[in-house]
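Here the structure is laid out as structure tokens; the discussion comes afterwards.
There are 2 protein chains.
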Amino acid sequence: MRLSKNLPQYKVVYEIIRKHISDGVYLKGDILPSENELCAVHQTTRPTIRKALDRLVHEGYIKKKQGKGSIVMGVPQGVGILSLSGTTSAVGQENLITEIIVKPEIRQWDTTNLAYPLLNDEEEFGCIYFERLRIMNKQPVFYDITMMPNINLRRFISRNLENKSLFNILRTMYDIEVTGGEQRLMAILADKNIQEYLNVKEGHPILHLNRKLETSREGFFIYSQVYCNSEKYAIFGTF
Amino acid sequence: MRLSKNLPQYKVVYEIIRKHISDGVYLKGDILPSENELCAVHQTTRPTIRKALDRLVHEGYIKKKQGKGSIVMGVPQGVGILSLSGTTSAVGQENLITEIIVKPEIRQWDTTNLAYPLLNDEEEFGCIYFERLRIMNKQPVFYDITMMPNINLRRFISRNLENKSLFNILRTMYDIEVTGGEQRLMAILADKNIQEYLNVKEGHPILHLNRKLETSREGFFIYSQVYCNSEKYAIFGTF
DNA sequence: TGACACAACTTGTATTTACAAGTTAATTCT
DNA sequence: AGAATTAACTTGTAAATACAAGTTGTGTCA
Numbered sequence: 013m014r015l016s017k018n019l020p021q022y023k024v025v026y027e028i029i030r031k032h033i034s035d036g037v038y039l040k041g042d043i044l045p046s047e048n049e050l051c052a053v054h055q056t057t058r059p060t061i062r063k064a065l066d067r068l069v070h071e072g073y074i075k076k077k078q079g080k081g082s083i084v085m086g087v088p089q090g091v092g093i094l095s096l097s098g099t100t101s102a103v104g105q106e107n108l109i110t111e112i113i114v115k116p117e118i119r120q121w122d123t124t125n126l127a128y129p130l131l132n133d134e135e136e137f138g139c140i141y142f143e144r145l146r147i148m149n150k151q152p153v154f155y156d157i158t159m160m161p162n163i164n165l166r167r168f169i170s171r172n173l174e175n176k177s178l179f180n181i182l183r184t185m186y187d188i189e190v191t192g193g194e195q196r197l198m199a200i201l202a203d204k205n206i207q208e209y210l211n212v213k214e215g216h217p218i219l220h221l222n223r224k225l226e227t228s229r230e231g232f233f234i235y236s237q238v239y240c241n242s243e244k245y246a247i248f249g250t251f
Numbered sequence: 013m014r015l016s017k018n019l020p021q022y023k024v025v026y027e028i029i030r031k032h033i034s035d036g037v038y039l040k041g042d043i044l045p046s047e048n049e050l051c052a053v054h055q056t057t058r059p060t061i062r063k064a065l066d067r068l069v070h071e072g073y074i075k076k077k078q079g080k081g082s083i084v085m086g087v088p089q090g091v092g093i094l095s096l097s098g099t100t101s102a103v104g105q106e107n108l109i110t111e112i113i114v115k116p117e118i119r120q121w122d123t124t125n126l127a128y129p130l131l132n133d134e135e136e137f138g139c140i141y142f143e144r145l146r147i148m149n150k151q152p153v154f155y156d157i158t159m160m161p162n163i164n165l166r167r168f169i170s171r172n173l174e175n176k177s178l179f180n181i182l183r184t185m186y187d188i189e190v191t192g193g194e195q196r197l198m199a200i201l202a203d204k205n206i207q208e209y210l211n212v213k214e215g216h217p218i219l220h221l222n223r224k225l226e227t228s229r230e231g232f233f234i235y236s237q238v239y240c241n242s243e244k245y246a247i248f249g250t251f
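Line order of the protein sequences matches chains V and U. Using our numbering, the first residue of the first sequence is number 13, and each one after it goes up by one. Using our numbering, the first residue of the second sequence is number 13, and each one after it goes up by one.
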């Protein structure tokens, strides 16, 4: 895959700075080079640089202050709730292990728990289905079911989801970016299944998210259901 | 109050279009006048118009499509969860009644349930405190406690919160906009207090949000705790 | 009639230039 | 030395211009 995609300049700049922040080249509290310096470095003009920075501001990587500069905030802890960055970065990567309960496989859509109607194309192509369990400090915290249409995702079912996040794979391997989405959120009591996976007793309150994620590929949506034991690890999110 | 605030042009344009959408002048599915037309109408240039539209896109009021135009999406259903638009617009205003449990009053901070440390100034000035109950179709759904520092909010405690949302009052009366925030989210079991207010039995799962909202006024944060009976009205949010 | 090509739209990207406004540190004056 | 001013930064706003790229309907040609 690895399409070298002719990105517009401002996105190139955005990607570079973004990577620098997530790689720790710039640390929280640091001040980025001034816009004029960035112009010089990337051989472009202020509006272009500013567009890149706007995006970083929007996603929470930096904050700007007139007269001062662009202050690095670090990798955002999820926008909304567990949202644009995926579960992995929403809780922090430390001590997080992903266990695959059901490996990615192609099967029919299971619409019983789906809060959203399926599009025709989606129904036709079938779905890629998998279940994962996220474990923090030996304690299972998230149990999630993901479904997405089997459209143009070659070799996906053979990919290893354990270490890399789903969003990263889609981003780097298939040039699919999650651009937004909607979710329904509720508190429920753990059923037998959940009790087992999340290791909780009957009557334990569980956070349930039913989500539909939108991507940069038109008509390609990701459906997921997340069950979370929020007893020790409350979900944290900025917006 | 009512400071006529010298807004920059792009914000003026943004406010006008935003109002047109929330007032129903433009309906969902409509296509906005083209950028060039908007330039003519508002006597400005494309970069300015585009900056206004960018913001509308970002907040979910419109979507843009190259070659086609700007498509109206309607008033966004909350960004993240119950977030930038406040509870009122997150669940839709139909059949929503707000009952004031504790009228706004000035008191000391109650830090027992607060997940965030207070700043010195905030502690010093004391806090404006109130509790509200949101009722949908005669069913109590949200119970929320709000605290904010008592800084430069003249006459706030005498304002009527029942019909207008807190965010609207802050926006129109004090020129304070909520720009973002962070929240912790968990599922809990209703305690005695919650059982009574939300009219649920013991052992009922409740959605609990502990939030710190950031505003356009530096150093002014709003702290709120929301308890939600998500049995019938799952919280819906886009991001 | 049907398919193709084109023209007239739309938004997307990029440069250049200019000035306003906030911050900071050095300099100057008292 | 201390306070006030200033100069040199920073980001914020705005205009004018150009071309690229996607969409749509019109028109022409077969």
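We put the beta carbon where it would ideally sit given N, CA and C, even for glycine.
Contact belief for residue i with residue j at Cβ below 8 Å, rounded distance in angstroms
i: residue 141(U); j: residue 174(U); result: In fact, because the Cβ distance is near 17 Å, the residues do not count as touching under 8 Å.
i: residue 63(V); j: residue 69(V); result: About 11 Å; that fails the 8 Å criterion.
i: residue 165(U); j: residue 198(V); result: That belief does not hold up - the Cβ atoms of residue 165(U) and residue 198(V) are roughly 34 Å apart, past 8 Å.
i: residue 144(V); j: residue 113(V); result: 6 Å
i: residue 3(V); j: residue 61(V); result: What is shown of chain V runs 13 to 251, which leaves residue 3(V) out entirely.
i: residue 71(U); j: residue 88(U); result: 6 Å
i: residue 139(V); j: residue 162(V); result: 6 Å
Within chain U, partners of residue i - CB distance below 7 Å
i: residue 219(V); result: 197, 198 and 199
C-beta neighbour in chain U for residue i, strict 8 Å
i: residue 20(V); result: no
i: residue 228(V); result: no
i: residue 98(V); result: With a pLDDT of 49 at residue 98(V), under the threshold of 50, the modelled position of that residue is not reliable, and no figure is offered here.
i: residue 93(V); result: Reliability of the predicted coordinates at residue 93(V) is poor, the pLDDT of 49 falling under 50, and the value obtained from them is presented with this limitation in mind. Interface residue, yes.
Test: residue i CB closer than 8 Å to a CB of chain V
i: residue 214(U); result: no
i: residue 46(U); result: no
i: residue 242(U); result: yes
i: residue 101(U); result: At residue 101(U), the pLDDT of 49 sits below 50, so the modelled position is not reliable; the number obtained from the coordinates is stated separately. Cβ-Cβ to chain V under 8 Å: no for residue 101(U).
i: residue 26(U); result: no
Neighbouring residues, chain V, relative to residue i (Cβ below 8 Å)
i: residue 70(U); result: 70
Chain-ordered neighbours of residue i on chain V, where CB pairs are closer than 9 Å
i: residue 82(U); result: Result: empty, since nearest Cβ-Cβ is about 16 Å, beyond 9 Å.
Partners in chain U for residue i, counting only beta-carbon separations shorter than 9 Å
i: residue 177(V); result: Within chain U, no residue comes near residue 177(V); the closest Cβ sits about 17 Å away, beyond 9 Å.
i: residue 236(V); result: In chain order: nothing, as chain U lies at least about 14 Å away.
Chain-ordered neighbours of residue i on chain U, where CB pairs are closer than 8 Å
i: residue 34(V); result: Chain U residues near residue 34(V): none, gap ~19 Å exceeds 8 Å.
(message) Which runs of the beta strand (DSSP E) at least 3 residues long sit entirely within the region 149-225 of chain V? Give them in chain order.
(response) 151-161 and 190-201
(message) Does the contact criterion of 3 or more C-beta pairs under 8 Å hold for the region 201-212 of chain U versus the region 18-34 of chain U?
(response) no
(message) Between the region 181-195 of chain U and the region 222-229 of chain U, can you find at least three pairs of beta-carbon atoms closer than 8 Å?
(response) yes
(message) Would the region 18-38 of chain U count as touching the region 236-248 of chain V if we require 3 or more Cβ pairs under 8 Å?
(response) no
(message) Check whether the region 147-157 of chain U and the region 230-240 of chain U touch, using three or more Cβ-Cβ pairs below 8 Å as the test.
(response) yes
(request) Only counting runs of 4 or more residues, tell me where the alpha helix (DSSP H) segments fall wholly within the region 30-85 of chain V, in order along the chain. (result) 47-54 and 58-71
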